[in-house]
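What follows is a set of notes on a single structure, which appears directly below.
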Amino acid sequence: MELVDEAVAADAARRSSIQEFETLRAEQNAFGKSVAKAAKDEKAALVAQAQELAARVKAAQQAVTDAEAAFTRIVGSLGNITIDGVPEGGEDDWTLVREHGTPASFDFEPRDHADLGELLGAIDIARGVKVSGSRFYFLRGVGARLELALMNLGLDRALQAGFTPLITPTLVRPEIMAGTGFLGEHADEVYHLDKDDDLYLTGTSEVALAGYHSDEIIDLSNGPLRYAGWSTCYRREAGSAGKDNRGILRVHQFNKLEMFSYVLPEDAQAEHERLLGWQEGMLQACELAYRVIDVAAGDLGSSAARKYDVEAWVPTQGTYRELTSTSNCTTYQARRLDIRHRTESGRTAPVATLNGTLATTRWLVAILETHQQADGSVRVPDALRPYLGGLELLEPVA
RNA sequence: GGAGACGUCGCAUAGUCCGGUCGAGUGCACCACCCUGCUAAGGUGGAGUCCCCUUAAUGGGGACCGAGGGUUCAAAUCCCUCCGUCUCCGCCA
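Residues 9 to 406 (the working numbering) make up the first sequence, in order.
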């Protein structure tokens, strides 16, 4: 509340400094013309006057620069405004939207994905740690193939829905990182190269996908612009020491196929539901039990106005774990990145941006655990088989 | 990495040496109107973005010649830094 008052005050200060500067500048412009035209003998006196005026203009200009910097800083620290209906509260105050499918049950003791990954020769955590440290891993053999299969299934479904595929840069400039809202309170989650290169490693291709149309006026008259971005994602996982240490549920590096939509602000909520629908379709194709939750306002981060998490049942944890999430960022990112469309009256106005995840490496956790059999083999869901050369069963390596 | 050239209003360009008459000319594309009966041409006018003030619609002012500084009464034009593009050479997946 105080922050909003501060922002309003900063805006008022900014406006009045602009007015002062512009009045002086107009005076200077007019004066300059008369200096140029003046006769020789009058010139010296006029220049002396102009010098004095120039000093005042310069001071006024500096005041504008300062006032605008202060305004930008305060406004930049404001989070997005949540949409009506979003539950109030923090991390645990989400509301259930729906559940789908029945959590897997077994007539044997199920193995967790780390054990299964080792048994199948699919996930090599020990060597990941040896090479890169904790929370790193190798996907190998059927693990690597399953990952690619998942990404390709997601991509094909995205193509069917009309998305344009993009393979995005994973190193971005500071202003793009800031524009997407990732340098706010969670800045310590982001890898930053600062020795020789002032670039950030992105934790999601959402960053590059949002930056793609930055500083542009885009044409939405033929409907939304939809991109499916594939990239490797990097997260520092600072502050999560000791949490989800086992397996690949929480890692520093993973792959992700991300949907990203640019839409008219009035279409944002409908698009959000569509993104959620495509995500659920993907979970269903992988034959996973899941639930959809409406994330509470306090857990939204700075850029989302509403966020749905889709959580899949993870048998050995006896609970649902987030596999995907879709956010409606309304005009928050577009304002910061200066992405606009032209309205019917010919004016420009910010667009709305939304994102949603179609697949990530984390999905392997739920897929392996859900479809495991007593002997440690894993049944491949029908939809994935074409992407695995028809393979129906992942079998333990000798 | 070495050497050089360049970055102007949608596109293409003029202007930069010799700072004010340049917020900026021309061509193409675009929009409106006019003209012409003929498959296209001619004429007139208008057009960008951002910000501030003002209004019922309007009007006024400011900023923007890659970005940021500097010199100057005054910068597209002079100086510096950065970013980017292109050409040649070297190196490399």
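Note that CB positions come from ideal geometry on N, CA and C, so glycine has one too.
Item: Assigned exposure category for glutamine 57 - 16 Cβ within 10 Å defines buried; Value: exposed
Item: Cα-Cα separation between alanine 276 and asparagine 230, rounded to whole angstroms; Value: 15 Å
Item: Supposed contact pair threonine 368 and phenylalanine 262 - C-beta distance, whole angstroms, cut 8 Å; Value: 6 Å
Item: Among Glu35, Thr240, Arg348, Gly398, nearest to methionine 159 - alpha-carbon criterion; Value: Thr240
Item: Glutamate 28 in three-state terms, based on DSSP; Value: helix
Item: Inter-residue Cα distance where the pair is leucine 147 and glycine 136; Value: 9 Å
Item: Cβ-Cβ separation, arginine 348 to threonine 356 (assumed contact under 8 Å), whole Å; Value: 4 Å
Item: Outcome for glutamine 59 when other beta-carbon atoms lying within 10 angstroms are tallied against a minimum of 16; Value: exposed
Item: Three-state secondary structure (DSSP) of tyrosine 145; Value: coil
Item: Proximity of threonine 378 and glutamate 295 at Cβ, strictly below 9 Å; Value: yes
Item: Outcome for arginine 23 when other beta-carbon atoms lying within 10 angstroms are tallied against a minimum of 16; Value: exposed
Item: The ligand MN heavy atom lying under 8 Å from the CB of glycine 285; Value: This structure lacks the ligand MN, and indeed carries no ligand of any kind.
Item: Contacting residues, own chain, Cβ-Cβ under 6 Å from arginine 314 (five flanking each side not counted); Value: Ile91, Val94, Asn336
Item: Distance between beta carbons of valine 150 and leucine 128, contact taken as under 8 Å; Value: 6 Å
Item: Whole-number beta carbon distance between valine 72 and isoleucine 133, since they are thought to touch under 8 Å; Value: With 8 Å as the limit, isoleucine 133 and valine 72 do not qualify as a contact, their Cβ atoms being about 56 Å apart.
Item: Element boundaries [beta strand (DSSP E), containing asparagine 88]; Value: Unbroken run through asparagine 88: none, as it is neither H nor E.
Item: Pairwise C-alpha distance: aspartate 120 and glycine 255; Value: 8 Å
Item: Assigned exposure category for valine 43 - 16 Cβ within 10 Å defines buried; Value: exposed
Item: Which of helix, strand or coil DSSP assigns to glycine 250; Value: coil
Item: Alpha-carbon spacing of leucine 61 relative to alanine 342, whole angstroms; Value: 39 Å
Item: Among Ala67, Ala130, Gly87, nearest to alanine 15 - alpha-carbon criterion; Value: Gly87
Item: Whole-angstrom distance between glycine 211 and methionine 267, CA atom to CA atom; Value: 14 Å
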